[in-house]
Amino acid sequence: MTRPDLPAPSESASEAALPSPPVNAERLLQLITEEYESLPRQLKRIASYMSQQSDRIMVDRISDIARECEVHPSAIVRFSQRFGFSGFSEMQALFREAYTHKTTPVQNYQQRIRSMIANKSQKASAGDLARECVNATLSGIERLGLELDDEAFEKAVDLVVNADNIYVVGVRRSFAVADYLVYNLQHTNKRIHLVSGLGGSYREQMRSVRANDLVIAISFTPYGKETQHCLRIAQHHQAKTLIITDSNLSPLAKRANAVLLVNEGSSFAFRSLSATLCLCQALFIAVAYRLELKVDEIHEQVGFED
Numbered sequence: 033m034t035r036p037d038l039p040a041p042s043e044s045a046s047e048a049a050l051p052s053p054p055v056n057a058e059r060l061l062q063l064i065t066e067e068y069e070s071l072p073r074q075l076k077r078i079a080s081y082m083s084q085q086s087d088r089i090m091v092d093r094i095s096d097i098a099r100e101c102e103v104h105p106s107a108i109v110r111f112s113q114r115f116g117f118s119g120f121s122e123m124q125a126l127f128r129e130a131y132t133h134k135t136t137p138v139q140n141y142q143q144r145i146r147s148m149i150a151n152k153s154q155k156a157s158a159g160d161l162a163r164e165c166v167n168a169t170l171s172g173i174e175r176l177g178l179e180l181d182d183e184a185f186e187k188a189v190d191l192v193v194n195a196d197n198i199y200v201v202g203v204r205r206s207f208a209v210a211d212y213l214v215y216n217l218q219h220t221n222k223r224i225h226l227v228s229g230l231g232g233s234y235r236e237q238m239r240s241v242r243a244n245d246l247v248i249a250i251s252f253t254p255y256g257k258e259t260q261h262c263l264r265i266a267q268h269h270q271a272k273t274l275i276i277t278d279s280n281l282s283p284l285a286k287r288a289n290a291v292l293l294v295n296e297g298s299s300f301a302f303r304s305l306s307a308t309l310c311l312c313q314a315l316f317i318a319v320a321y322r323l324e325l326k327v328d329e330i331h332e333q334v335g336f337e338d
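Numbering (our numbering), first residue to last: 33 to 338.
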C-alpha cells in the first residue's frame, strides 16, 4: 500500500535520473527535447509544458503545473529528479536565474491574472475582463517577437517561394488561421489549396500532393489527428512540410522541413489566435517581398455587387 505522504511510484523503470542537473535553463530545455521520446506518458505532458511555457516556470507553483498537465504534483517532483534535481524548487531556481534580469510581458501578465482570480472580494467588471483578453493577446504577440527564430523563418520563406503547389491544413481552432493564410497566399501566382476536410475528405484533398509541393500544417496541443494524417500523406509522397505549432516536442515537428513556434497568451483558459495570425501575415509579407510583389498595391478585386 502506498503511503499518502510519499510520491506516487514511477510509471516506468526507464526514468533513470541524470547524474547531475544541467547548468542552465537553456541546457535543461535541450535535454528535455533529447530525452522526450524515452519519457513515460505523464512526464511527457510535463516536458511539453516546460517546452511551451518556459518563461512561466519561474512564477508557477507546482500545483499550477500539475493542474495544467493533468498530473499529480508528485509527477512534477519525479520529472525534476529525472533531470538530476533534488526536487521542483531546485529546477525552478534554474529558470529564476535565467529570467531574473529579463522579466517578460507573459510573466507580468500571469501574475496579474492570478491576482485577479484570487481576489474574491472584488468582482471583475466586463471592462476588466475585456482588458485581460487584450493583455493576453499582447503578451502572446510580444513573446512571438522576442522568440522568433530568424533562421527557421527564413527557411519557411524558402519553402513557400520554391513550392509548386501549397496545401494548408488546420482543424478546429487552427482552421481560421489556415483559411487566413490561404487567403493571403492566393495573392501570389502560386496554386494554393485549403485542405478543409469537408465531408471527411482529407485523404481525397491530399491525393494530388507531389514531391515538389509544400504542405503547411497548423496545429497546437492536443494536436489534431486529422492534421497528423495529412502530414503522413505528405511525407509518403515526399512533399515538403512547414509546421506552425507550439513546441518542438509536437508530433507534427518530427521530420518537418521547417518549424515555426508560436505560443499564444491565454485569458481564463481561452487561447488567443492573434500571435499565430500575426506570424502568418509576416510569412506572407516576407514571401511577397521575395517574389517582388507590390504588396502596397494588393487590394480587393472589384466587380461583385450585392
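All residues carry an ideal CB built from backbone N, CA and C; glycine is no exception. This one's a predicted model, so the numbers in the text were calculated from it and none came from an experiment.
- For the options Ile94, Asp92, Val103, Ser95, the alpha carbon positioned closest to that of arginine 73 is the one of Val103.
- If you draw a straight line from the Cα of phenylalanine 127 to the Cα of tyrosine 255, it comes to about 27 Å.
- For aspartate 245, the closest alpha carbon among the candidates Thr259, Val227, Gln237, Gln270 is that of Gln270.
- In this model, aspartate 196 and aspartate 181 are separated by some 25 Å (Cα to Cα).
- Residues Val201, Gly202, Val203, Ser206, Ala249, Ile250, Ser251, Leu284 of the same chain have their beta carbon placed closer than 8 Å to that of threonine 259, with the five preceding and five following residues left out of the count.
- Taken through DSSP and simplified to helix, strand or coil, arginine 223 comes out as strand.
- A straight line joining the alpha-carbon of glutamate 58 with that of glutamine 267 spans about 31 Å.
- The Cβ atoms of cysteine 310 and leucine 191 lie no closer than 8 Å to each other.
- Here proline 53 is buried, its C-beta having at least 16 other C-beta atoms within 10 Å.
- Nearest C-alpha to valine 189 among Arg239, Asn280, Asp92, Ile317: Ile317.
- Bridge partners of glycine 202 according to DSSP: Ile250.
- Per DSSP, the beta-bridge partners of lysine 272 are Leu246.
- The DSSP assignment places 57-67, 73-84, 94-101, 105-114, 120-131 as complete runs of the alpha helix (DSSP H) inside the stretch 57-135, in order along the chain (cut-off: 4 residues).
- Looking only at Gly231, Arg303, Tyr199, Leu323, the smallest Cα-Cα distance to isoleucine 173 is reached by Arg303.
- Just measuring C-alpha positions, the residue of Gln85, Ile108, Tyr212, Ala125 sitting nearest leucine 305 is Tyr212.
- Less than 8 Å separates the beta-carbon of tyrosine 81 from that of glutamate 100.
- Collapsing the DSSP output to three states places valine 291 in a strand.
- Sequence-distant Cβ neighbours of serine 112 in its own chain, meaning closer than 8 Å and more than five residues away, are Ser118, Gly119, Phe120, Glu122, Met123.
- Per DSSP, reduced to three states, the secondary structure at arginine 239 is coil, with no helix or strand assignment.
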